[in-house]
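Counting from 670, one number per residue, gives the positions in the sequence shown under our numbering.
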Amino acid sequence: MIQDMENNKIPKGSIDLVGFGRLGLRTGINLIQIHRGGPAKITVIDGQKISESDIIFLLKGAKAGTYKSDFLKEISTHKKEFREVVSITEDINEDNLDLITGDVVVIEIAGGNTIPTAANIIKKAH
Numbered sequence: 670m671i672q673d674m675e676n677n678k679i680p681k682g683s684i685d686l687v688g689f690g691r692l693g694l695r696t697g698i699n700l701i702q703i704h705r706g707g708p709a710k711i712t713v714i715d716g717q718k719i720s721e722s723d724i725i726f727l728l729k730g731a732k733a734g735t736y737k738s739d740f741l742k743e744i745s746t747h748k749k750e751f752r753e754v755v756s757i758t759e760d761i762n763e764d765n766l767d768l769i770t771g772d773v774v775v776i777e778i779a780g781g782n783t784i785p786t787a788a789n790i791i792k793k794a795h
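Structure below.
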């Protein structure tokens with residue numbers, strides 16, 4: 670019975686990670702580490718590039734000057750059929766909210782007044 674329950678834990682659904690800085694990276698790593706269940710698709714939306722001060726990215730093997738959102742796709746070892754990682758190298762704004770398509774949306778944006786953008790994301794996702 671327990672074995673049957675374990676065998677039924679397959680990836681399903683999709684998660685959008687909006688903003689992929691130091692916190693977003695940690696969330697993304699946790700999601701790709703799930704070995705049973707979890708999301709079938711993770712979409713990372715962030716237009717920022719890795720800088721020399723992004724220590725956590727550099728410690729994990731990222732290269733300065735590359736897109737943050739590309740890094741999760743780079744380190745994921747899953748086959749696309751099991752868990753797809755999609756990178757969108759744009760910052761979310763009022764003009765591209767249609768990029769948000771996930772069943773679950775995780776907002777981890779930072780820098781400046783992010784409340785209006787977060788509110789627009791919530792309205793779109795709702």
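Every residue, glycine too, gets a C-beta built ideally from N, C-alpha and C. Predicted model, so just to flag it, every value in this text is computed and none were measured.
For residue i, the first and last residue of its enclosing beta strand (DSSP E)
i    : result
I686 : The sequence shown places Leu at residue 686, rather than the Ile named in the question. 683-687 is the span of the beta strand (DSSP E), which, as asked, contains L686.
K710 : 710-714
Same chain, Cβ closer than 7 Å to residue i, five either side skipped, listed in chain order
i    : result
I725 : R691, L694
S720 : A733
A787 : I776, I778
N699 : none
F751 : P680
Residues near residue i by beta carbon distance below 6 Å, same chain, minus five either side
i    : result
V755 : T712
G706 : K678
I701 : S745
A731 : I719, F740
Three-way DSSP call (helix, strand, coil) for residue i in this model
i    : result
I671 : helix
K792 : helix
Range covered by the alpha helix (DSSP H) that runs through residue i
i    : result
I701 : 691-702
Residue environment, residue i, which counts as buried when at least 16 other CB atoms sit within 10 Å
i    : result
S722 : exposed
K737 : buried
V773 : exposed
Own chain residues within Cβ distance below 8 Å of residue i, not counting five before or after
i    : result
M674 : none
T770 : S683, D685, T712
T758 : D715, G716, Y736, S738, D739
Legend entry - Contained beta strand (DSSP E) runs [length at least 3] in the segment 724-785, N- to C-terminal order: Fully enclosed beta strand (DSSP E) runs of 3 or longer: 753-757, 773-776.
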